[in-house]
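If you count the sequence shown from 1, position 4 lands on 4 in UniProt numbering, and the numbers rise without skipping. We put the beta carbon where it would ideally sit given N, CA and C, even for glycine.
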Amino acid sequence: MTTNQKPFKRILLTGAAGGLGRILRERIKPWAEIVRLSDISDMGAAQAGEEVVQCDLADKAAVHALMKDVDVVLHFGGISTENNFEAIMRANIQGTYNIYEAVHQAGVKRVVFASSNHAVGFYKTTDYIDANSPRRPDGMYGISKCFGEDLSRYYYDRFGIETVCLRIGSSFPEPINKRMLVTYFSYDDLVEMLRCCLFTPRVGHTIAFGMSDNPASWWDNRYASHLGYQAKDSSTQFAHKFPDSGDYPEKDDITTIYQGGGFLLTGPQYI
Ligand code: NAI
Ligand code: 15L
Numbered sequence: 001m002t003t004n005q006k007p008f009k010r011i012l013l014t015g016a017a018g019g020l021g022r023i024l025r026e027r028i029k030p031w032a033e034i035v036r037l038s039d040i041s042d043m044g045a046a047q048a049g050e051e052v053v054q055c056d057l058a059d060k061a062a063v064h065a066l067m068k069d070v071d072v073v074l075h076f077g078g079i080s081t082e083n084n085f086e087a088i089m090r091a092n093i094q095g096t097y098n099i100y101e102a103v104h105q106a107g108v109k110r111v112v113f114a115s116s117n118h119a120v121g122f123y124k125t126t127d128y129i130d131a132n133s134p135r136r137p138d139g140m141y142g143i144s145k146c147f148g149e150d151l152s153r154y155y156y157d158r159f160g161i162e163t164v165c166l167r168i169g170s171s172f173p174e175p176i177n178k179r180m181l182v183t184y185f186s187y188d189d190l191v192e193m194l195r196c197c198l199f200t201p202r203v204g205h206t207i208a209f210g211m212s213d214n215p216a217s218w219w220d221n222r223y224a225s226h227l228g229y230q231a232k233d234s235s236t237q238f239a240h241k242f243p244d245s246g247d248y249p250e251k252d253d254i255t256t257i258y259q260g261g262g263f264l265l266t267g268p269q270y271i
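Written as structure tokens, this is what we have:
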């Protein structure tokens with residue numbers, strides 16, 4: 001028996017060519033002997049310990065093939081901002097359905113679904129919500145994340161497939177506006193949260209907010225406390241870049257009145 005055996009044989013990461021996928025590609029390697037990377041876009045050549053499979057999430061047969069011999073799934077693929085319904089439906093709704101049906105057929109036990117704060121983006125920035133607060137999506141993209149959350153709930157209730165729906169705030173190198181001082185989720189904290197999602201013995205169906213330990217928050221993670229996630233980073237170090245210019249939310253500015261920020265300016269009527 002080898003002494004350096006990794007916890008999982010194979011992790012599937014969808015969305016591997018994306019902003020977060022490229023970070024996770026490097027960071028999740030210690031957790032699995034093989035990381036299977038998938039995206040509709042080019043991901044470059046497979047490195048040691050990797051398999052690269054380029055496919056469209058809307059392609060049912062391809063997604064079922066993708067799931068062979070997979071232990072756990074990090075489902076990060078799909079359209080990640082507001083778009084027209086047809087595009088969202090294909091990548092995020094059909095795509096996430098294909099993932100769960102394939103997970104079920106292949107006997108995969110756990111999924112982390114990259115949900116989004118835009119599932120609740122129509123709450124006000126003066127509201128403080130938790131995972132039991134009714135969802136209030138701020139557009140078609142947010143609606144597709146609500147679908148993924150309900151779909152995963154169904155696959156848990158019906159088949160016992162565990163999912164953590166991670167409502168990611170803003171996971172970028174650093175906040176780029178004042179809103180992101182609240183929603184910031186550092187890459188290190190994202191990786192730590194994923195570690196908790198994968199290694200907590202039982203997660204059932206959990207909805208967690210993905211955020212760092214920021215000085216202000218709109219989200220209470222009490223219903224995800226069993227994950228044991230402790231943020232190490234904070235947006236505080238970036239606060240000087242966005243000096244306090246008076247009222248927040250600003251009167252008549254819907255991007256500061258609602259948690260979804262700039263997404264409130266998008267949606268079907270604007271595309
Ligand atoms: P991204 O847009 O950089 O990456 C998404 C990837 O999915 C892309 O590489 C894209 O090619 C791929 N993709 C799109 N349609 C596809 C299809 N039909 N088939 C296969 N692959 C497809 O987005 P990012 O920032 O890396 O986000 C990753 C996930 O996390 C997304 O699901 C996003 O909704 C979610 N998320 C990210 C947040 C963030 O702050 N970065 C915040 C909230 C949610
Ligand atoms: C998201 O859901 C998007 O995927 C990401 O690009 C950011 O816009 C993020 O939310 C955010 O709200 O900052």
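Length of the line joining the Cα atoms of residue i and residue j
i: Glu149; j: Ser225; result: 18 Å
i: Ser133; j: Ile257; result: 18 Å
i: Gly53; j: Glu192; result: Going by the sequence as given, residue 53 is Val instead of Gly. One C-alpha to the other measures close to 26 Å.
i: Pro173; j: Lys109; result: 31 Å
i: Phe76; j: Tyr248; result: 32 Å
i: Leu24; j: Leu12; result: 11 Å
i: Ala216; j: Pro201; result: 30 Å
i: Gly121; j: Asp213; result: 20 Å
i: Thr255; j: Phe263; result: 8 Å
i: Ile79; j: Phe159; result: 27 Å
i: Asp59; j: Asn98; result: 8 Å
i: residue 291; j: Ala131; result: There is simply no residue 291 to check, as the chain begins at 1 and stops at 271 in what is shown.
i: Leu194; j: Val112; result: 8 Å
i: Cys146; j: Leu190; result: 21 Å
i: Phe85; j: Glu50; result: 33 Å
i: Ser115; j: Asn4; result: 33 Å
In DSSP terms, what residue i is bridged to
i: His75; result: Thr14, Phe113
i: Lys124; result: Tyr258
i: His205; result: Thr163
i: Phe8; result: Ala32
i: Gly210; result: Ile168
i: Glu51; result: Arg36
i: Tyr187; result: Answer is none; Tyr187 lacks a bridge partner.
i: Trp219; result: Ile129
Nonlocal neighbours in the same chain, by C-beta distance under 8 Å from residue i, ignoring five residues either side
i: Lys6; result: Pro30, Trp31, Ala32, Glu33
Sequence-distant residues of its chain with Cβ nearer than 6 Å to residue i (five each side left out)
i: Asp69; result: Arg10
i: Lys178; result: Phe242
Contact set for residue i: own chain, Cβ-Cβ below 7 Å, skip 5 residues either direction
i: Tyr187; result: Ile23, Ser171
i: Ala153; result: Note that residue 153 is Arg in the sequence shown here, rather than Ala. His205.
Neighbouring residues (CB closer than 5 Å to any heavy atom of the ligand NAI): Gly15, Ala17, Gly18, Gly19, Leu20, Asp39, Ile40, Ser41, Asp56, Leu57, Phe76, Gly77, Gly78, Ser80, Ala91, Ala114, Ser116, Ile168, Ser170, Ser171
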